[in-house]
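The sequence shown begins at 1 in the UniProt record's numbering and counts up one residue at a time. The beta-carbon is built from N, C-alpha and C at its ideal position, and this holds for glycine as well. Note that the coordinates shown come from a computational prediction; the quantities given were computed from them, not determined experimentally. Accompanying notes for the structure given below.
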Amino acid sequence: MESSLTTPAAPAVQLPVMLVAEVQDSLLVVVHDLTRLDGLLAHTMENLMERFTTASANLASPALGASQELELVRNTLRAAVTELQFQDMASQLIVHTSKILQGCAYRLASESMGSEDGEAVPFVEEVPERPNPVTQDEMDAGSIELF
Numbered sequence: 001m002e003s004s005l006t007t008p009a010a011p012a013v014q015l016p017v018m019l020v021a022e023v024q025d026s027l028l029v030v031v032h033d034l035t036r037l038d039g040l041l042a043h044t045m046e047n048l049m050e051r052f053t054t055a056s057a058n059l060a061s062p063a064l065g066a067s068q069e070l071e072l073v074r075n076t077l078r079a080a081v082t083e084l085q086f087q088d089m090a091s092q093l094i095v096h097t098s099k100i101l102q103g104c105a106y107r108l109a110s111e112s113m114g115s116e117d118g119e120a121v122p123f124v125e126e127v128p129e130r131p132n133p134v135t136q137d138e139m140d141a142g143s144i145e146l147f
């Protein structure tokens, strides 16, 4: 006698197509905004790095001499430049989050609305399995962590 085990069907939730479309649009707007935020952060960090480099070069001038106060300013400036690595970590998080949101938006549309004959399905990378691409949560001068 054969066993007739069947796997139970996953519960399904029916959503109105307009609701799904609105949620998908909202997710894609958030992806667009995150991309803009990444660009703004990159631009700001480039400007800051340029200004810090100029200030550092000016502070290295032999004409300034050496004093404890001047050395303190130099050390503070070096620490500030190290903290600019924040942009790289933030950018990785933004890209990771954008991929997840975009994947969710396209999957939502695909699962709920399907695709029509002849309609191209947008290519989306697999949703990242790793929850967080950046594990470092602090920045110390003199330390380097590769991620």
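Cα-Cα separation, Met49 to His43: 10 Å
Helix or strand or just coil, what does DSSP make of Pro62? helix
Contact check, Leu28 vs Leu84, beta carbons under 9 Å: no
Leu41 and Ala90 - do their beta-carbons sit closer together than 9 Å? yes
Which residue's Cα is closest to the Cα of Ala57: Glu69, Leu77, Ser67? Leu77
Might you give, ordered along the chain, the residues of its own chain that have their beta carbon closer than 6 Å to the beta carbon of Leu59, omitting 5 neighbours on each side? Arg74
Residues in its own chain within less than 7 Å of Thr35 by CB, not counting five upstream and five downstream? Ser98
Can you tell me whether Ala12 is buried or exposed, with buried defined as 16 or more other CB within 10 angstroms of its CB? exposed
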